[in-house]
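Mapping of the sequence shown onto the working numbering: position 66 corresponds to residue 166, and the numbering continues sequentially without gaps. We put the CB at the ideal spot given by N, CA and C, even for glycine. Values in this document were obtained by computation on a predicted structure and should not be read as measured data. Here is the structure we will look at.
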Amino acid sequence: MRTVRFWAALGLAAAGNAWAANPGEPDASDLWWNSAQSGWGVNVIQQSNVLFMTFFVYGPDARPRWYVAPDTRCSGAPRDVEQVCHGPLYEAAGPVVSGSFDPAAVERRLVGDTTFLYRRPNAATIDFRVDGVATSRSLRRQTWAVNDLSGEYYIQRVAGADNRPATGCAAISTTMRDLGRVIVTHSGSSIRLATEPGPWPRCEYSGTYAQEGRMGQITGSYTCTGTDSGTSSTGAESGTFTLDEVEVGPRGFMARYSATVGNCRIFGNFAGARATVQ
Numbered sequence: 101m102r103t104v105r106f107w108a109a110l111g112l113a114a115a116g117n118a119w120a121a122n123p124g125e126p127d128a129s130d131l132w133w134n135s136a137q138s139g140w141g142v143n144v145i146q147q148s149n150v151l152f153m154t155f156f157v158y159g160p161d162a163r164p165r166w167y168v169a170p171d172t173r174c175s176g177a178p179r180d181v182e183q184v185c186h187g188p189l190y191e192a193a194g195p196v197v198s199g200s201f202d203p204a205a206v207e208r209r210l211v212g213d214t215t216f217l218y219r220r221p222n223a224a225t226i227d228f229r230v231d232g233v234a235t236s237r238s239l240r241r242q243t244w245a246v247n248d249l250s251g252e253y254y255i256q257r258v259a260g261a262d263n264r265p266a267t268g269c270a271a272i273s274t275t276m277r278d279l280g281r282v283i284v285t286h287s288g289s290s291i292r293l294a295t296e297p298g299p300w301p302r303c304e305y306s307g308t309y310a311q312e313g314r315m316g317q318i319t320g321s322y323t324c325t326g327t328d329s330g331t332s333s334t335g336a337e338s339g340t341f342t343l344d345e346v347e348v349g350p351r352g353f354m355a356r357y358s359a360t361v362g363n364c365r366i367f368g369n370f371a372g373a374r375a376t377v378q
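See below:
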């Protein structure tokens, strides 16, 4: 039972730390690989600022090895600075799953440590030591199926801007903007987000969609006209935009937002709940 208690203790330690962690931590959860070295990789699951990583790799005898880093903790970092995550690395072995599985027979051995350097949204470097042998590899998120964003959403944009006098940002809204009911048309790499008529500005975002792992990215141009609901603002705005770290699910989608309007750089969050209820 010592092994069972060991893994449980690590889980409780990670959970205890989660309550105190920054809720704005970037999410590295995905399947990571090196496309030039297909055949091995690392599964990363993140909760709060703790990564649980499992490696599918091979030993000097060409036989599979099961390595796990269940308590890899990430230090806080600004959004465009490399995130450093570090923790112990273990090798695990146990009985065959078929038949009666005895968890007390699972064995674990501390073999070294690992450092996951996350360059959001899609790149990383992993350094790890196994019995004194150091390895360093570049990784990317692995994609095997592309998400479809098509649908109807109620979208809001929350953005800030560089309001230094020379940038011309004073005329740009820097708070929450309700885009109302938005139809998203997505086919291959082509995507368009267009508002339906209503008490909100008429906006259209169109561009190109790409995806790595579970994270998507949209780049293109947009135009908004009309009047914002409940304000005297004309709502007129146009420029180029990027949505990255795009995630979509049955409840809606969310992304990190940036745009350039004239000399003004806008950045923030862009998210929408699905207008259809299952």
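| Query | Result |
| --- | --- |
| Starting from the C-beta of residue 234, find all residues in its chain whose C-beta is less than 8 Å away, skip the five residues before and the five after it, and write them out in chain order. | 227 and 228 |
| Taking C-beta to C-beta, are residue 349 and residue 372 nearer than 7 Å? | no |
| Apart from the five residues just before and just after residue 182, which ones in its own chain have a Cβ nearer than 6 Å to its Cβ? | 217 and 219 |
| Determine which residues share a DSSP beta bridge with residue 198 and list them. | Residue 198 is not bridged to any residue. |
| Taking just the CA atoms, how far does residue 337 sit from residue 321? | 11 Å |
| Ordered along the chain, which non-local residues of its own chain (more than five positions away) have a Cβ less than 7 Å from that of residue 210? | 188 and 190 |
| Beta-carbon separation of residue 319 and residue 342 under 7 Å? | yes |
| Might you give, ordered along the chain, the residues of its own chain that have their beta carbon closer than 7 Å to the beta carbon of residue 312, omitting 5 neighbours on each side? | 222, 240, 241 and 243 |
| Give the straight-line distance between the Cα atoms of residue 195 and residue 165, rounded to the nearest whole angstrom. | 14 Å |
| Only counting the same chain, and skipping five residues up and downstream in sequence, which positions put a Cβ closer than 6 Å to that of residue 258? | 276, 368 and 369 |
| The beta strand (DSSP E) with residue 133 in it runs from where to where? | 130 to 133 |
| Using a Cβ-Cβ cutoff of less than 8 Å, which residues in the same chain neighbour residue 302 once the five nearest sequence positions on both sides are dropped? | 295, 324, 325 and 326 |
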